[in-house]
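Structure, as structure tokens:
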Amino acid sequence: MTAHTDPVPFDSGFVQDLHARYAELREAGPVHRLVNDSGLPVWVVTRYSDARALLADPRLGKDAQTIFRLVMDRFAPDAERPEAEDGRFAGAGFDMHMLNMDPPDHTRLRKLVVKAFTARRIEELRPRIEQISEELLTAMAGESEVDFLDAFAFPLPIRVICELLGVDESRRDDFRDWTNKLLDDIDAEASAQAAGDMAQYLTELLAAKRQRPGDDLLTALIEVSEDEDRLSEAELISMVFLLLVAGHETTVNLIGNGVLALLRNPEQFAALRANPDLVDGAVEEMLRFDGPLMHTTFRFTTEPITIGETVIPAGEFVWAGLAAANRDPERFPEGDSFDVTRDPHGHLAFGHGIHFCLGAPLARMEAQIALRGLLAHFPDLELGTAPENLARRNSSLIHGLRDLPVRPAPLS
Ligand code: HEM
Numbered sequence: 003m004t005a006h007t008d009p010v011p012f013d014s015g016f017v018q019d020l021h022a023r024y025a026e027l028r029e030a031g032p033v034h035r036l037v038n039d040s041g042l043p044v045w046v047v048t049r050y051s052d053a054r055a056l057l058a059d060p061r062l063g064k065d066a067q068t069i070f071r072l073v074m075d076r077f078a079p080d081a082e083r084p085e086a087e088d089g090r091f092a093g094a095g096f097d098m099h100m101l102n103m104d105p106p107d108h109t110r111l112r113k114l115v116v117k118a119f120t121a122r123r124i125e126e127l128r129p130r131i132e133q134i135s136e137e138l139l140t141a142m143a144g145e146s147e148v149d150f151l152d153a154f155a156f157p158l159p160i161r162v163i164c165e166l167l168g169v170d171e172s173r174r175d176d177f178r179d180w181t182n183k184l185l186d187d188i189d190a191e192a193s194a195q196a197a198g199d200m201a202q203y204l205t206e207l208l209a210a211k212r213q214r215p216g217d218d219l220l221t222a223l224i225e226v227s228e229d230e231d232r233l234s235e236a237e238l239i240s241m242v243f244l245l246l247v248a249g250h251e252t253t254v255n256l257i258g259n260g261v262l263a264l265l266r267n268p269e270q271f272a273a274l275r276a277n278p279d280l281v282d283g284a285v286e287e288m289l290r291f292d293g294p295l296m297h298t299t300f301r302f303t304t305e306p307i308t309i310g311e312t313v314i315p316a317g318e319f320v321w322a323g324l325a326a327a328n329r330d331p332e333r334f335p336e337g338d339s340f341d342v343t344r345d346p347h348g349h350l351a352f353g354h355g356i357h358f359c360l361g362a363p364l365a366r367m368e369a370q371i372a373l374r375g376l377l378a379h380f381p382d383l384e385l386g387t388a389p390e391n392l393a394r395r396n397s398s399l400i401h402g403l404r405d406l407p408v409r410p411a412p413l414s
């Protein structure tokens, strides 16, 4: 089988019907060229074994400077390129983070953050996460119908990540607004404005933390960077930006998509109720079945790469189609069915290779606590007034719902 010769439009029709579209592509061939609304072509790899191999392949790069150059070459080859003082192309202001870097810079930044973002620091958050989860669930009780995203799935992760970093409570709503605008990338102007506002706030926040150190991750990052003198101010701001954005919207949609899967599969919900020991496995199955990212972030080929019978030339963009790979029947039999008793280990929802999600233990802990709380408070939770197909958000990366109406208890 070869890939489609004409690029497949990656538009809102695709995003709204993600799994069916990915399944079609996966059956038709291992790699396809998609083109987004702005005309940027990207190759997407749809099968599990190829996607996993690709994510560990050093012939693919992530360096933001090269990505910026490739985009400019395609869309505005003659345009003057904005250059920063250090000779780099100026980007959004906080693009100097590890998800935008290749070794050795990636290795240096990841090592530093790992020193501050320890397993102990995450475990210490457990009682606080349980408390926040309890508060939110208690507030839902007695309601006949609520939007589960508003009432629970959004506030939990944003409160946790702000607490972890030491961000002022009063700015939580701003953060939600900024990350929303950044990721729902349809309105470029709103997105740029949000990026600017966030950069300004983070600069002020870092200055304040230097004055008044706290017992938080941000202070730890500042200390680590000063001790080792190996993290520039721009890298520090970019790191905080990455942690906030990567750590928030993803977890929201793991919880939202996961609860939808339970409500649409009442026999699975019943199995969990009967045996809460299945919760940790159920979270993994939620990640596999309907994880929060459609695909990875952009990588580019540094040399031609062959997948099946297709040669992707050098200098082209590639995505690993996580949602397609996670339902590949070759790896996960009956991949389209949600089964909390299956063994979903090896799923790619957190990526693979050197950029494997740094926050996976935190995201898992939050989702497990959320699910246990939900089972205890609302064992009869039901889908509220919802159309057959709940609308998905208009993002080109995040696979999440616009809203999720639920009834905490059956209507009496
Ligand atoms: C990287 C998924 C939660 C921080 C990634 C990647 C994926 C991912 C797929 C790799 C992207 C790529 O290779 O292009 C998820 C999912 C989450 C989640 C599904 C929740 C369910 C979090 C949380 C944090 C976090 C809670 C931090 C608090 C990061 C960071 C990276 C990353 C820093 C970049 C790592 C690197 O470049 O070395 N995540 N993530 N993520 N994630 Fe997560």
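Numbering (my numbering), first residue to last: 3 to 414. Backbone N, C-alpha and C define an ideal beta-carbon position, used for all residues, glycine too. Quantities reported herein were computed from a predicted structural model and do not represent experimental measurements.
Between the options, which has its C-alpha nearest residue i's C-alpha?
i	options	result
Val162	Thr221, Glu136, Arg130, Ala362	Arg130
Arg404	Ser398, Arg394, Leu56, Pro11	Arg394
Pro278	Leu57, Ala372, Gly293, Pro106	Ala372
Asp152	Ala81, Gly258, Trp180	Gly258
Val285	Ala365, Arg212, Pro410	Ala365
Leu399	Gly293, His34, Ile307	Gly293
Asp164	Trp45, Asp75, Thr221	Note that residue 164 is Cys in the sequence shown here, rather than Asp. Checking every option, the nearest Cα to that of Cys164 belongs to Thr221.
Val320	Arg301, Glu336, Glu332, Ala326	Arg301
Leu233	Glu390, Met100, Gln370, Ile69	Met100
Pro268	Val342, Leu223, Leu238, Ala201	Val342
Thr109	Glu82, Leu385, Gly355	Gly355
Pro9	Ile69, Leu383, Leu42	Leu42
Under DSSP, the alpha helix (DSSP H) around residue i begins and ends at which residues?
i	result
Ala248	235-266
Ala141	128-142
Ile356	Taken as a continuous stretch (DSSP letters only), Ile356 belongs to no alpha helix (DSSP H), as it is neither H nor E.
Ala81	Counting along the chain, Ala81 falls outside any alpha helix (DSSP H), and DSSP gives it neither H nor E.
Ala30	20-30
Thr181	174-185
Ala322	First-last for Ala322: 319-322, but that is the beta strand (DSSP E), not the alpha helix (DSSP H).
Met98	Neither: Met98 is in no alpha helix (DSSP H) and is coded neither H nor E.
Asp292	281-292
Output yes or no for whether 7 Å exceeds the beta carbon distance between residue i and residue j.
i	j	result
Glu402	Leu139	Sequence check: residue 402 is Gly here, not Glu. Not a contact, by the Cβ cut-off of 7 Å.
Val17	His34	no
Ser240	Phe96	yes
Ser397	Leu185	yes
Thr387	Pro407	yes
Glu305	Arg61	yes
Thr298	Ala322	yes
Ala155	Val254	yes
Arg54	Arg28	no
Leu204	Val242	yes
Ile134	Leu167	no
Arg275	Pro381	yes
Gly63	Asp104	yes
Phe340	Gln270	yes
Val44	Leu56	no
Leu324	Leu350	yes
Ala78	Leu256	no
Tyr24	Ala326	yes
Ala118	Leu208	no
Arg174	Ile160	yes
Since residue i and residue j should fall inside the 8 Å C-beta cutoff, what is the C-beta to C-beta distance between them, to a whole number of angstroms?
i	j	result
Leu246	Phe177	7 Å
Pro363	Ala121	7 Å
Pro346	Glu287	5 Å
Asn102	Ala66	4 Å
Pro290	Asn328	Here residue 290 turns out to be Arg, not Pro, going by the sequence shown. Confirmed, Cβ separation roughly 5 Å.
Ile309	Asp52	6 Å
Asp149	Trp180	Asp149 to Trp180, Cβ: 21 Å. No contact.
Leu295	Leu392	That belief does not hold up - the Cβ atoms of Leu295 and Leu392 are roughly 18 Å apart, past 8 Å.
Ala236	Met98	5 Å
Arg123	Leu20	The Cβ separation is near 34 Å, so there is no contact.
The beta strand (DSSP E) spanning residue i covers which residue range?
i	result
Val169	Note, Val169: premise wrong, no beta strand (DSSP E); not H, not E.
Leu36	33-38
Arg301	301-303
Thr387	Counting along the chain, Thr387 falls outside any beta strand (DSSP E), and DSSP gives it neither H nor E.
Thr308	307-309
Val408	407-409
Ala58	From DSSP, Ala58 is part of no beta strand (DSSP E); its letter is neither H nor E.
Thr109	Thr109 -> not in any beta strand (DSSP E); alpha helix (DSSP H) instead, spanning 107-118.
Phe12	10-12
Val2	The displayed coordinates of the chain run from 3 to 414. Any statement about residue 2 would go beyond what the structure contains.
Val342	Run containing Val342: none; DSSP gives neither H nor E here.
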